[in-house]
Each structure stands twice: as C-alpha cells, then as structure tokens.
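Working notes, beginning with the structure itself.
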Amino acid sequence: MAGYDAGDVAELLKQIGSNGQLLADAYVYGSIAGDQLDSGKLNLLQKKGLLRPDDEPGDYRVTAELKRMLNRLMRKQSSYRQLTDMGKVIDVLDDTVKDFQLSVHSNQQEDAEYYLDQLDDLLYEAKDNLNSSLDNMHYAISSQFGFVTTLSAKVRENEKALDYAQKLLTELQQIDPEACYEWTNWACPIDFARKVSAFVYWFNQTLARLRFIIDNMRLSLFRLRRDEKQASLLRNMARYLRKHPEFEISATLFEDPALHEQLKFAAPLKLKTYVDIKDSAVEEPLIELVQALRKQSRPAAVTPRESATVEISEIEKVTPEADYFGEQSERLFELAITTGEPVSAINYWQNELHNWAGSSQTIEPKAWIELVFSSYCKLTLDQQGALDIKMKGVRVDGTSDNYSYSDVQIALKENLQRA
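In my numbering, the protein residues as written are 446 to 864.
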C-alpha cells in the first residue's frame with residue numbers, strides 16, 4: 446500500500462475516533478440533525494467521506510462505504526447483491542420496496558424503518574456509482590486522457606471509453622424510470638415518495654448528461670485521430686529527410702582556407718539533416734509545407750462567357766378605358782342618397798336601358814345586380830354605415846340558408862333621413 450501516505454490514514458482514523466459518538470448516532474438512528482452541531486465539523490466529515498447530506502435539509506447520514514464497513518465489523522446483515530448494472534439496481538430496489546410496503550401494512554415500524562434506511566442507501570450508492578463513473582469520463586475527456594502519453598494510447602483509451610459510454614446509454618435507455626412511480630401507488634409515507642421521485646428525476650438528468658459526454662467523446666476522438674495523423678506525417682517526413690540529406694557538413698570545415706575569418710571564431714551552428722519532431726516551433730510550418738506538397742495544383746478551366754442580345758421594344762401606350770357600368774352603379778348610390786328613397790337595381794336598369802343602348806352599352810340584369818352588390822361591398826365602413834342594402838329573393842328548394850336573389854335595393858339609413 447505504498448500509494449497511500451501513513452499520515453493521511455492516521456488523520457482519517459483520528460477523525461473517526463474523535464467524532465465516534467456523532468458517527469455512532471448517525472449509524473444507529475439512521476440520520477442526525479445538523480442544526481445543533483458545528484458546521485465546520487460537519488463539512489470536515491463530509492470532506493473525509495464519513496458523512497453525506499440526507500434528503501431532509503439539515504440532516505446527515507453515514508456514507509455507504511463507512512456503513513458497509515461497520516456492517517461487516519458489527520456482524521450485521523448487509524446486501525449480498527452486487528449492483529453491476531442499472532437493471533439489477535431496479536430489481537434490488539423493487540424487492541426492498543415490497544419489503545417496506547409489507548412492513549408498513551403489517552404495522553411493523555422497526556422493520557419499515559430498516560427497509561427505508563436500506564432503500565436510501567441503495568439509492569445513494571446507485572447514484573454515487575454512476576455519478577462517479579460519469580465524472581471520471583468527463584475528467585478523462587477534459588484532460589485529453591492525460592494518464593497515457595502517446596497519441597496512439599490516447600486514441601485507444603478514447604475508443605474504449607466511447608464504447609463503454611454508448612453501451613451504458615443503450616442499457617439505461619431500456620429502463621423506463623416512470624415505471625418506478627408504481628412503487629408509490631399506495632398510501633405510502635411522504636419520505637418514501639420523495640425518495641422515489643428524486644431518483645426518477647436524477648435518472649432523467651443522468652441520461653441527458655451521458656448523451657452530452659458521448660458527444661464530447663466523439664469530438665475528442667476526432668481531434669486525437671487528427672493529431673495522430675499529423676504526428677504520423679511529421680514522423681514520415683523526418684524519416685525521409687534522414688534518408689535523403691541534401692548536404693553534409695565536413696568535420697574539418699573550420700580548417701578550410703576558403704572559410705571566412707569571422708566564421709572561424711563564430712559560435713558553432715546547430716544544423717541537422719532532419720527535422721526534430723520534438724521541437725514545437727517547427728511543427729506548424731512543417732505541417733503547412735507537407736500539406737502544400739500533397740496538394741496538386743489543378744488550375745480551374747476558364748469557361749468562356751456566353752453572350753446574348755436583348756431586344757428592347759417600344760413601350761406601348763395603352764389608353765385607360767373608363768368603367769361605364771361602374772360609373773352607373775355609383776350614380777345609383779348617388780340617387781339613393783340625394784332622394785332619400787330606396788332605389789331598386791332592377792328598376793334603375795329598366796329606366797336606363799334605353800340610354801345605355803344609345804351609348805352602345807348593354808348588360809344583363811343578373812350581371813347588373815351582381816355589379817351593384819360588389820360595388821356596395823367595395824365601399825368604406827363609413828359609407829356602408831350610411832346605406833342599407835336589402836336583398837330580395839326566395840330560398841332554394843332543398844336548402845336551409847341558400848337564396849336566389851332577384852333584386853337589390855339601396856336606401857339611406859333612417860337616422861340619416863331624419864337628420
């Protein structure tokens with residue numbers, strides 16, 4: 446156990462001994478109230494992994510690890526099932542819930558408190574194990590799998606972690622957390638229902654968090670593979686340059702009489718016939734050089750521009766034609782306003798038919814009635830408010846609200862006539 450410091454172990458045992466009565470009360474009674482206790486001491490015990498917060502605000506319980514150790518030392522019955530996956534966790538929780546429900550119905554308060562306490566430990570242990578696993582995944586991604594050094598090892602670790610996370614997500618998605626609400630489908634205590642609801646809420650939040658971690662793992666794997674490919678390119682380029690040096694420096698160059706006098710007393714140049722891949726200063730320029738050499742310059746073919754002619758014809762001047770019968774419908778409305786009497790569209794059509802024929806204008810009575818009605822609909826709201834329109838017609842046989850109209854009357858409203 447050389448990986449541990451004896452001083453840390455002694456400090457932990459000292460904390461257990463100095464707070465023995467407090468930890469014993471939390472173990473025997475299930476929880477303790479922290480209102481009357483020193484907050485600094487409680488925070489220290491939480492940091493040491495001896496206490497954890499309870500569902501009730503202000504209450505504290507012993508952690509699952511300490512309780513498991515005390516159960517073994519006190520020869521107390523502990524859970525014999527190994528919580529290896531969430532499916533088995535749900536099975537164990539279901540058995541515990543049934544035992545708790547049977548104890549409550551049998552009015553066995555001590556047994557009910559025991560099973561409720563066991564349920565709380567199982568829920569906390571399941572949540573703590575999965576949360577720790579997700580935290581470790583997140584740390585591994587954030588540190589770029591810093592526990593290994595080579596890029597190839599980082600890629601392998603990322604692939605293994607991604608495969609594990611995807612299998613874990615597939616396993617968790619096969620579980621319907623809403624079915625856990627069936628455990629509360631009886632007159633259960635409030636504390637029990639609160640624990641179940643908190644577990645369902647945590648489970649749904651964990652799925653979203655796991656999906657987010659998987660997305661980050663995929664992005665991290667892409668970046669690591671890209672870095673590994675770039676490193677491979679650098680190694681291959683360095684290996685090529687070692688095998689094909691462009692020049693060699695003679696060891697007796699300083700004795701050459703052709704060498705300039707100032708260079709003989711200058712500091713020796715650190716020249717190499719290969720690229721030092723450990724030098725980060727030349728990494729980016731070398732990558733750009735390799736990428737430029739790999740790219741083939743293919744000039745884009747110039748497509749000849751197509752030419753076309755546009756013929757512009759003279760703008761034809763169109764003389765606007767007056768709407769003859771539109772003006773006649775306006776005169777009908779003017780007649781109704783000036784005389785204050787109702788004006789029938791059919792009567793107006795009969796009276797003006799001779800004058801229209803003199804102007805070489807004709808219109809059918811049905812079209813004339815439709816024109817008067819459409820002209821009324823085109824009026825403003827104030828104009829329509831001053832006029833009344835009365836439709837004369839009969840109901841079509843076999844229908845309830847369909848009518849066949851034979852005439853339209855336009856009249857000034859009564860309040861305007863009296864004014």
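Heads up, the beta-carbon is just placed ideally off N, CA and C, and yes, glycines get one too.
Contact between residue 789 and residue 854 holds: their C-beta atoms lie close to 5 Å from each other, under 8 Å. For residue 450 and residue 460, the gap between their C-alpha atoms comes out near 16 Å. Taking the Cβ atoms as the reference, residue 658 lies roughly 6 Å from residue 610, within the contact range of under 8 Å. Apart from sequence neighbours up to five positions away, the residues of its chain that approach residue 835 with a beta-carbon distance below 6 Å are 854, ordered along the chain. Runs of the alpha helix (DSSP H) lying entirely within the region 653-705, each at least 4 residues long, are absent.
According to the DSSP secondary-structure assignment, residue 477 is paired through a beta bridge with 505.
Here the C-alpha atom of residue 509 lies approximately 23 Å from the C-alpha atom of residue 634. Rounded to whole angstroms, the Cβ separation of residue 564 and residue 640 is 7 Å, and the two are in contact under 8 Å.
DSSP places residue 750 outside both helix and strand once states are collapsed to three, so it counts as coil. For residue 494, same chain residues with a beta-carbon under 6 Å away, outside a window of 5 residues either side, are 508 in chain order. Setting aside the 5 residues that flank it on each side, residue 837 is surrounded in the same chain by 850, 851, 852, 853, 854, each with a C-beta closer than 8 Å to its C-beta; the list follows chain order. By the criterion of at least three beta-carbon pairs nearer than 8 Å, the region 789-800 is in contact with the region 810-829.
DSSP places residue 819 within a helical segment (H, G or I) once states are collapsed to three. If you check the CB distance, residue 560 and residue 515 do not come in under 8 Å. Around the C-beta of residue 780, fewer than 16 other C-beta atoms lie within 10 Å, and the residue is accordingly described as exposed.
Taking a cut-off of 8 Å on C-beta distances, the region 722-741 touches the region 678-691, as three or more cross pairs fall below it. Around the beta carbon of residue 499, a 10 Å sphere encloses 16 or more other beta carbons of the protein chains shown; the residue is thus reported as buried. Under DSSP, no beta-bridge partner is assigned to residue 639.
Contact between the region 641-657 and the region 611-628 is present, with at least three C-beta pairs closer than 8 Å. Scanning its chain for C-beta atoms nearer than 6 Å, with the 5 sequence neighbours on each side dropped, one finds no residue around residue 667. Going by beta carbons, residue 655 and residue 617 fall inside the 8 Å limit. By the criterion of a C-beta distance shorter than 7 Å, residue 824 is surrounded by no residue of its chain, once the five residues flanking it on both sides are discounted.
Annotation for residue 787: 854, 856 place their beta carbon closer than 6 Å to its own, counting only its chain and skipping 5 residues before and after. In this structure, DSSP gives residue 843 a state outside helix and strand, which the three-state scheme calls coil. Distances from the CA of residue 540 to each of 489, 552, 628, 488 were compared; the closest alpha carbon is that of 628. Distance from the CA atom of residue 759 to the CA atom of residue 782, rounded to whole angstroms, is 47 Å.
The three-state secondary structure of residue 838, taken from DSSP, is strand. Taking C-beta atoms as the reference points, residue 505 and residue 489 fail to come closer than 8 Å. Looking at the DSSP output, residue 587 bridges to nothing. The continuous stretches of alpha helix (DSSP H) do not include residue 856, which lies in the beta strand (DSSP E) extending over residues 848-857. For residue 496, the enclosing beta strand (DSSP E) stretches over residues 496-498.
In this chain, the alpha helix (DSSP H) harbouring residue 546 covers 531-550. A residue is called buried when at least 16 other Cβ atoms come within 10 angstroms of its Cβ; residue 720 meets this threshold and is buried. Here residue 615 is exposed. Its C-beta has fewer than 16 other C-beta atoms within 10 Å.
Only exposed fits residue 553, as fewer than 16 other CB atoms lie within 10 angstroms of its CB.
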